Amino acid sequence: MKVIEGGVTAAQGFEAAGVEASIKYQNRKDMALVYSRKPCVAAGVFTSNIVKAAPVIWDKEVVAHSPYAQAVIANAGIANACTGSQGYECCKQTAKAAAEYLQIPEDAVLVASTGVIGRQIPTDKIMEGVKKLVEQKADTIEAGRIAAEAIMTTDTISKQAAVTFEIGGKSVTLGGMCKGSGMIHPDMCTMLGFLTTDIAISKELLQEALRENVTDTFNMISVDGDTSTNDTLVILANGMAGNPEITSKNEDYEKFMEALNQVNTTLAKMMAGDGEGATALFETKVIHAKTKEDARKLSKSVISSSLSKAAVFGHDANCGRFLCALGYAGVDFDPDRLDVFLESEGRSILVYRDGNVTDYSEEEATQILSAPEVRVLVDVKEGDGEATAWGCDLTYDYVKINADYRS
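So for the sequence shown, the numbering used here puts the first residue at 8; every next one is plus one.
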């Protein structure tokens with residue numbers, strides 16, 4: 008497997024575009040298109056929030072019941088959530104317009120929105136945006152980059168990743184883009200994510216692979232503990248690589264899973280590190296837990312803790328914050344057997360061992376926590392379970408950004 012440049016246009020047959028439609032933002036691109044020249048098998052995972060945005064409802068139907076998918080239309084600025092029948096009609100009109108311009112079925116079009124909840128999207132602007140997108144679509148790396156920028160809201164960087172690997176003597180590519188900076192505490196998904204691949208694989212296995220992988224990637228990040236109404240992660244596979252179709256969990260399937268994990272882990276970490284107002288990526292790795300599920304719960308509890316996140320922001324090696332978060336994670340363990348390390352940039356310091364805080368150097372610990380990427384490593388010493396979770400520090404700017412979000 009090789010990491011390559013690009014995102015949603017890296018795989019064969021995929022095109023993308025990003026345009027300014029002025030849906031909410033002015034003087035910036037706010038609509039994106041992802042399009043495959045050939046029909047794709049599609050899979051998706053969506054928000055567990057009971058309050059689901061209209062695009063989520065639309066996309067779940069397409070993924071579950073349409074014979075194939077071929078395009079995604081996404082907008083930033085207005086979420087089209089809590090918008091009733093008018094919001095769903097907007098999804099339908101968006102898909103209809105894209106279908107007409109692209110000459111594909113209406114039920115082959117996925118739609119996605121992100122932004123302010125409770126506002127209706129101006130349908131006329133969406134319609135004009137769809138037309139521009141189709142006119143400007145291209146299969147270049149630049150087109151993919153522009154599309155990734157067009158779905159940003161409070162993100163400070165666009166997020167893309169791509170890899171190539173070989174299956175059945177054929178070169179296969181998997182790429183993707185996502186957005187997310189706030190209201191991120193996913194359950195079976197991310198905020199908005201789009202993956203494209205030229206692999207040939209059955210719809211059933213594609214869905215299973217995606218659902219399984221998000222458990223250890225996008226489901227292991229948290230910025231603020233809020234699960235969005237719009238969380239959507241979809242993958243399109245058009246089969247243009249020409250590999251023998253994957254219809255069973257064989258060696259080819261495992262290669263695909265490895266590539267999927269690489270791309271999704273990269274994107275998930277980019278989201279966590281770009282949390283609203285963040286100054287550091289905050290990782291917690293738990294090893295030697297009784298089970299993998301225990302390790303997941305423990306690691307995610309630490310990166311989700313507001314006090315732990317504040318400690319990272321203040322470069323304060325208060326290991327009591329991390330121990331507290333471990334203790335309420337809902338996992339039974341012996342705190343008198345734990346080791347806790349603080350790590351960054353190749354440096355590591357033991358701050359807690361066997362029930363006691365160690366005589367560590369506060370100065371050295373502060374230096375470690377001052378890096379742009381920091382890790383809390385927890386050794387439970389009870390089994391083989393291991394998991395890693397990613398978050399970010401909690402800063403003054405997070406409150407400022409969200410206090411003024413609608414304005």
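For every residue, glycine included, the Cβ atom is placed at its ideal position computed from N, Cα and C.
Just so you know, these numbers come straight off a predicted model, no measurement behind them.
Give me whichever residues DSSP pairs with residue i in a beta bridge.
i: V123; result: I85
i: M184; result: Q167, F201
i: M38; result: V26, N82
i: S178; result: E173
i: K9; result: T171
i: V48; result: A244
i: L117; result: V79
i: G417; result: What is shown of the chain runs 8 to 414, which leaves residue 417 out entirely.
i: S43; result: F21
Can you say whether residue i is buried or exposed, counting buried as having 16 or more other CB atoms within 10 angstroms of its CB?
i: R354; result: exposed
i: L212; result: buried
i: P62; result: buried
i: T163; result: exposed
i: I57; result: exposed
i: M278; result: buried
i: E156; result: buried
i: E441; result: Nothing can be reported for residue 441: it is not among the residues displayed for the chain, which extend from 8 to 414.
i: Q127; result: exposed
i: Q33; result: exposed
i: R303; result: buried
i: N257; result: exposed
i: D66; result: buried
i: I64; result: exposed
i: G6; result: Because the chain here runs from 8 to 414, residue 6 falls outside it and cannot be looked at.
i: T160; result: buried
i: M198; result: buried
i: G187; result: buried
i: S55; result: exposed
i: R271; result: The question names Arg, but residue 271 in the sequence shown is Asn. N271 should be labelled buried.
i: Y335; result: exposed
I believe residue i touches residue j by the beta-carbon criterion, under 8 Å. Please report the beta-carbon distance rounded to the nearest angstrom.
i: A23; j: A150; result: 5 Å
i: I206; j: V179; result: 5 Å
i: L357; j: D346; result: 7 Å
i: A86; j: I124; result: 5 Å
i: I228; j: A83; result: Incorrect: roughly 20 Å between the Cβ atoms, too far for contact.
i: K417; j: D400; result: This structure does not reach residue 417, given that the chain is present from 8 up to 414, and the question cannot be answered.
i: T6; j: Q100; result: Examination of residue 6 is not possible in this model, given that the chain is present from 8 through 414 alone.
Could you give the first and the last residue of the continuous beta strand (DSSP E) run that contains residue i?
i: T239; result: 239-244
Quick one: give me the first and last residue of the alpha helix (DSSP H) that residue i is part of.
i: G91; result: 91-109
i: E113; result: It is not in any alpha helix (DSSP H) - E113 carries neither H nor E in the DSSP assignment.
i: Q33; result: Per DSSP, Q33 belongs to no alpha helix (DSSP H) and is neither H nor E.
i: K138; result: 130-143
i: N220; result: 210-221
i: I64; result: 61-72
Does any residue of chain E bring its CB to less than 8 Å from the CB of residue i?
i: D281; result: Protein chain content of the structure displayed is limited to a single chain, and chain E is not contained in it.
Open item on the list: List, from N- to C-terminal side, the alpha helix (DSSP H) runs of 4 residues or more that fit wholly inside the region 275-314.
Closed with: 299-311
Open item on the list: Give the list of continuous beta strand (DSSP E) stretches no shorter than 3 residues that lie fully inside the region 310-396.
Closed with: List check, beta strand (DSSP E) in window: 346-351, 354-360, 380-386.
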